[in-house]
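Data block below; observations after.
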Amino acid sequence: KNEVEQSPQNLTAQEGEFITINCSYSVGISALHWLQQHPGGGIVSLFMLSSGKKKHGRLIATINIQEKHSSLHITASHPRDSAVYICAVTLMDSNYQLIWGAGTKLIIKP
Amino acid sequence: DVKVTQSSRYLVKRTGEKVFLECVQDMDHENMFWYRQDPGLGLRLIYFSYDVKMKEKGDIPEGYSVSREKKERFSLILESASTNQTSMYLCASSPGGVNTDTQYFGPGTRLTVL
């Protein structure tokens, strides 16, 4: 069993829909990261969080430490949000090693 | 803004060739990483370095070596390329220290070994 599990693996939605991507983990962590990878390879860090909720524009990330679960939400989705969204966690005793989820491929249709 | 650059976006090599992938960061980061990314497997850590001349094996170091002679540059070496090393290779850096582990990524190198 992977230590970081994402769901769904693939998600196709219509423009304007509210999107939720989930991440569950089974290890002790000091932080959880959400990253975005557009076609062509570039990876951009969206959020790093260790508790509660963070918001940036139409993106919202939440984490429940007790349940070992995080969600990434996109409001008013747009075709330019189409990308792979990756969840990664920093292990409790490490400052630099990340454990990665397999990613969720999101396609937003106009 | 942090900038992480990789020497090539696309590379085609033949089996048995020695391959060098270069990564340079311009923000004086302590930590640098090499990952490979394959469909369905996500990112897997090959090697990382937390200081000049210091390196540690990641999850899949076999068939690879690394070099960090200068703080800003981290090289990944495939001593004798094989077809199963065809992949997307991503370099990243992070500042180092407690709670400063956001990683910044380069654009990636798509390597094909024929």
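Protein sequence lines, in the order shown, are assigned to chains X and E. Note that the working numbering gives residue 101 to position 101 of the first sequence, counting from 1, and the numbers run on in steps of one. Note that the working numbering gives residue 33 to position 33 of the second sequence, counting from 1, and the numbers run on in steps of one. A virtual CB, placed ideally from N, CA and C, is assigned to each residue, including glycine.
Interface partners of X/Ile63 on chain E, CB under 7 angstroms
As a first step, residue 63 of chain X must be located in the first sequence, where it is residue number 63. The premise fails here: X/Ile63 is roughly 15 angstroms from chain E at the closest Cβ pair, so nothing lies under 7 angstroms.
Please classify E/Tyr89 as buried or exposed, where buried requires at least 16 neighbouring CB atoms within 10 angstroms.
Within the second sequence, the letter at position 89 stands for residue 89 of chain E. Per the 10 Å Cβ criterion, buried.
Might you give, ordered along the chain, the residues of its own chain that have their beta carbon closer than 6 angstroms to the beta carbon of X/Ile99, omitting 5 neighbours on each side?
Here residue 99 of chain X refers to the residue found at position 99 when the first sequence is read from its first residue. The answer, listed in chain order, is Glu3, Val4, Val89.
Other residues of its chain near X/Gln14: CB distance less than 6 angstroms, five sequence neighbours each side excluded
The residue given as residue 14 of chain X occupies position 14 in the first sequence. Within the same chain, X/Gln14 has close Cβ partners Lys109.
Using alpha carbons as the reference points, say which of E/Met54, E/Lys71, E/Trp34, E/Thr109 lies closest to E/Pro61.
By one-based count along the second sequence, residue 61 of chain E stands at place 61. Minimum Cα-Cα distance from E/Pro61 among the listed residues E/Met54, E/Lys71, E/Trp34, E/Thr109 corresponds to E/Trp34.
Where the beta strand (DSSP E) through X/Ala61 begins and ends:
Start at 1 with the first residue of the first sequence, and residue 61 of chain X comes out as number 61. First-last of the beta strand (DSSP E) with X/Ala61: 59 to 64.
Helix or strand or just coil, what does DSSP make of X/Asp81?
Position 81 of the first sequence, counted from the start, is the residue given in the question as residue 81 of chain X. Reduced to three states, the DSSP call for X/Asp81 is helix.
Report the three-state DSSP secondary structure of X/Gln14 (helix, strand or coil).
The sequence position of residue 14 of chain X within the first sequence is 14, counting from 1. Strand, per DSSP.
Should E/Tyr10 be labelled buried (16 or more other beta-carbon atoms within 10 Å of its own) or exposed?
Stepping through the second sequence from its first residue, residue 10 of chain E is reached at position 10. With fewer than 16 other Cβ atoms within 10 Å, it is exposed.
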